[in-house]
Amino acid sequence: MSKSLIVQKYGGTSLGTLERIECVADRIVKLRKTGVDIVVVVSAMAGETDKLLKMARSLSKNPARREIDMLLSSGERISSALLTLALQSRGIPALSMTGRQIGLQTDSTHTRARIKSIDAQRARKMLKENHVIVVAGFQGINEEGDVTTLGRGGSDTSAVALAVALGARQCEICTDVDGVYTADPRLVPQARRLDVVSYDEMLEMASLGAKVLQIRCVEFAHKYKMPLLVKSSFKERDKGTLICEEDPKMEQPVVSGIMCDKNQAKITLKEVPDQPGIAANIFEPLASASISVDMIIQNVSEQGHTDLSFTLEREELNEAMVIMKKVAKKIHATHVSSDAKIAKLSIVGAGMRSHAGVAAQIFKTLSAHKINILMISTSEIKVSCIIEQKNSKLAVTALHDIFKLENKPVKKNAKNKTAKKMSAV
Ligand code: ADP
Ligand code: ASP
Ligand code: MG
Numbered sequence: 008m009s010k011s012l013i014v015q016k017y018g019g020t021s022l023g024t025l026e027r028i029e030c031v032a033d034r035i036v037k038l039r040k041t042g043v044d045i046v047v048v049v050s051a052m053a054g055e056t057d058k059l060l061k062m063a064r065s066l067s068k069n070p071a072r073r074e075i076d077m078l079l080s081s082g083e084r085i086s087s088a089l090l091t092l093a094l095q096s097r098g099i100p101a102l103s104m105t106g107r108q109i110g111l112q113t114d115s116t117h118t119r120a121r122i123k124s125i126d127a128q129r130a131r132k133m134l135k136e137n138h139v140i141v142v143a144g145f146q147g148i149n150e151e152g153d154v155t156t157l158g159r160g161g162s163d164t165s166a167v168a169l170a171v172a173l174g175a176r177q178c179e180i181c182t183d184v185d186g187v188y189t190a191d192p193r194l195v196p197q198a199r200r201l202d203v204v205s206y207d208e209m210l211e212m213a214s215l216g217a218k219v220l221q222i223r224c225v226e227f228a229h230k231y232k233m234p235l236l237v238k239s240s241f242k243e244r245d246k247g248t249l250i251c252e253e254d255p256k257m258e259q260p261v262v263s264g265i266m267c268d269k270n271q272a273k274i275t276l277k278e279v280p281d282q283p284g285i286a287a288n289i290f291e292p293l294a295s296a297s298i299s300v301d302m303i304i305q306n307v308s309e310q311g312h313t314d315l316s317f318t319l320e321r322e323e324l325n326e327a328m329v330i331m332k333k334v335a336k337k338i339h340a341t342h343v344s345s346d347a348k349i350a351k352l353s354i355v356g357a358g359m360r361s362h363a364g365v366a367a368q369i370f371k372t373l374s375a376h377k378i379n380i381l382m383i384s385t386s387e388i389k390v391s392c393i394i395e396q397k398n399s400k401l402a403v404t405a406l407h408d409i410f411k412l413e414n415k416p417v418k419k420n421a422k423n424k425t426a427k428k429m430s431a432v
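This is the structure:
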């Protein structure tokens, strides 16, 4: 009978120093003693990716994405080799592998490539030979054999994809928090850890700024029904947060979490002639440059002209502005402007499907705190508002409060039943 396999991913902070790498190696030794096969996926050491990006940008204003991939992939190679050495010196037969060696094939969209396939033959052979495999996350190769990377936070996705390809029983994301919280615990200290989150909710949370998981990793896990456990790299016995299929028998909380994405920017085109084909003229060049647009708002047309605003990731603002200036000329818009001091505030909860009034409550709370809403968008289980970045903390704290998400201490003599009820609200 084949042993069961666990894929564990360790993030940058968890591997940030040689001491931390030693601690991770000790954890892997303990896990191996339980008799499971282990594949470890590692991120670059904390700060390494940013440091490399800064170096590239100091040499080139608009560095070629292919070269960025070549550069950034080295961060994960370093940590995989270091962790492997730490494991070997503990008597564990471990081997490090790059994206290429693990057979991770992607498309050619440099800096945010999508995984196409994994040829896991070699990994299977190594596991059979009793090795622990330490994979450099975040990277693969395209058809030409060039190195690609999977976008910021991409090691999460490498881990899930490998877990699926190798038939792991679970994929564990080990990080510097002990699970997924009702809000970023760094922003809202009273945030509460969630025991279980559905794939749908986690997808929304990840795409709305809960950077604890990369969105594609959640998409992948959902598609292949791979259970994901987010847990601490530091605390051994924590429960973590399980991300899995929604249990239809359980009542879903109306609001599970509040996210705030400060990595957003807004572009506005003024006095755009209101004619058929204009939107296509604006958004097609952005799509061709692989720039994703998020919220779009078009004002009511006045005298044949309208204003149009949209949001996108801040990192792509400069590239998008170059494109928009050309487009504005072509479509005779009078003015293009950008605003990088915005934030996207989002409230997510599967229970919103059956509860009315959540949006109204959000707007009322923001208004009570004199926070202006610049844009709004909703889906079945979320409401998002664009606000000024300076109001982020106030807005998240106020909403966390109004929806009673805080971590209330359970009274000593309270029965278990009450505790369960409280955590389900
Ligand atoms: P890693 O380096 O391990 O990949 P990340 O920095 O990518 O870690 O993600 C972990 C961070 O995500 C935490 O330190 C926390 O500040 C942040 N975070 C944002 N939103 C949430 C949330 N809702 N729950 C937990 N962590 C969150
Ligand atoms: N090192 C990459 C980043 O900082 C990938 C990752 O950590 O998952 O985004
Ligand atoms: Mg991460």
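If you want the working numbering, it's the 1-based position in the sequence shown plus 7. Virtual Cβ for every residue (Gly too), placed ideally from N, Cα, C.
Under the three-state DSSP convention, the category residue i falls into
i, result
"Leu293", "helix"
"Leu102", "strand"
"Arg200", "strand"
"Phe241", "coil"
"Gly19", "coil"
"Thr11", "The sequence as given places Ser at residue 11; Thr does not occur at that position. Coil at Ser11, not helix or strand."
"Phe410", "coil"
"Ser263", "coil"
"His229", "helix"
"Met382", "strand"
"Met302", "strand"
"Glu253", "coil"
"Asp268", "strand"
"Ile75", "helix"
"Gln221", "coil"
"Ser115", "coil"
"Ile338", "helix"
"Asp207", "helix"
"Ile369", "helix"
Cβ distance (whole Å) where residue i is taken to contact residue j below 8 Å
i, j, result
"Phe241", "Val171", "That belief does not hold up - the Cβ atoms of Phe241 and Val171 are roughly 27 Å apart, past 8 Å."
"Arg321", "Asn270", "5 Å"
"Lys238", "Cys181", "6 Å"
"Val14", "Val46", "5 Å"
"Glu395", "Ile338", "About 29 Å; that fails the 8 Å criterion."
Spatial distance of residue i from residue j (CA atoms)
i, j, result
"Asn379", "Glu211", "23 Å"
"Pro100", "Asn137", "7 Å"
"Ser11", "Ser214", "31 Å"
"Gln90", "Arg39", "Sequence inspection shows Leu at residue 90; the Gln mentioned does not correspond to that position. Looking at the two C-alpha atoms, the distance is approximately 15 Å."
"Gln282", "Gly311", "8 Å"
"Thr404", "Gln108", "46 Å"
"Val300", "Glu29", "42 Å"
"Met429", "Leu79", "Because the pLDDT at Met429 is just 28, under 50, the model does not fix this residue reliably, and the point stays unresolved."
"Leu235", "Tyr17", "13 Å"
"Lys371", "Leu60", "41 Å"
"Asp44", "Lys68", "45 Å"
"Ser445", "Leu412", "Given that the chain is displayed from residue 8 to residue 432, the structure contains no residue 445 and the question cannot be resolved."
"Glu323", "Ile298", "7 Å"
"Thr118", "Ala63", "13 Å"
"Thr275", "Ala120", "28 Å"
"Glu151", "Ala366", "48 Å"
"Val279", "Lys333", "13 Å"
"Ala88", "Leu373", "49 Å"
"Ile330", "Ser345", "13 Å"
"Lys397", "Ala347", "11 Å"
"Val219", "Asp183", "9 Å"
"Gly147", "Arg159", "14 Å"
"Glu55", "Lys377", "40 Å"
"Ala175", "Leu157", "21 Å"
"Leu1", "Val142", "Summary: the structure shown does not reach residue 1, with the chain confined to residues 8 through 432, and so no result is reported for it."
"Asn504", "Phe317", "No statement about residue 504 is possible, as the shown extent of the chain runs from 8 to 432 and does not include it."
First and last residue of the uninterrupted beta strand (DSSP E) at residue i
i, result
"Ile148", "Gln146 to Ile148"
"Asp346", "His342 to Val355"
"Glu395", "Lys389 to Glu395"
Alpha helix (DSSP H) segment containing residue i, residue limits
i, result
"Ser50", "Run containing Ser50: none; DSSP gives neither H nor E here."
"Ile35", "Leu25 to Lys40"
"Thr164", "Ser162 to Leu173"
"Ser308", "Unbroken run through Ser308: none, as it is neither H nor E."
"Gln128", "Gln128 to Lys135"
Proximity test, residue i beta-carbon vs ligand 4 heavy atom, cut-off 7 Å
i, result
"Phe145", "You won't find ligand 4 in this model; what it holds is ligand 1, ligand 2 and ligand 3."
Requested in this report: Determine, using beta-carbon pairs with one atom in the stretch 384-395 and one in the stretch 356-376, whether at least three such pairs fall under 8 Å.
Outcome: yes
Query raised in the report: Between the stretch 234-248 and the stretch 182-194, are three or more C-beta pairs nearer than 8 Å?
Result: yes
Query raised in the report: Counting Cβ pairs closer than 8 Å, one from the stretch 193-201 and one from the stretch 64-80, do we hit at least three?
Result: no
Report task. Inspect the CB distances between the stretch 156-164 and the stretch 215-225 and report whether three or more fall short of 8 Å. Result -> yes
Query - Cβ contact (3+ pairs, closer than 8 Å) linking the stretch 48-55 and the stretch 115-130 - result: no
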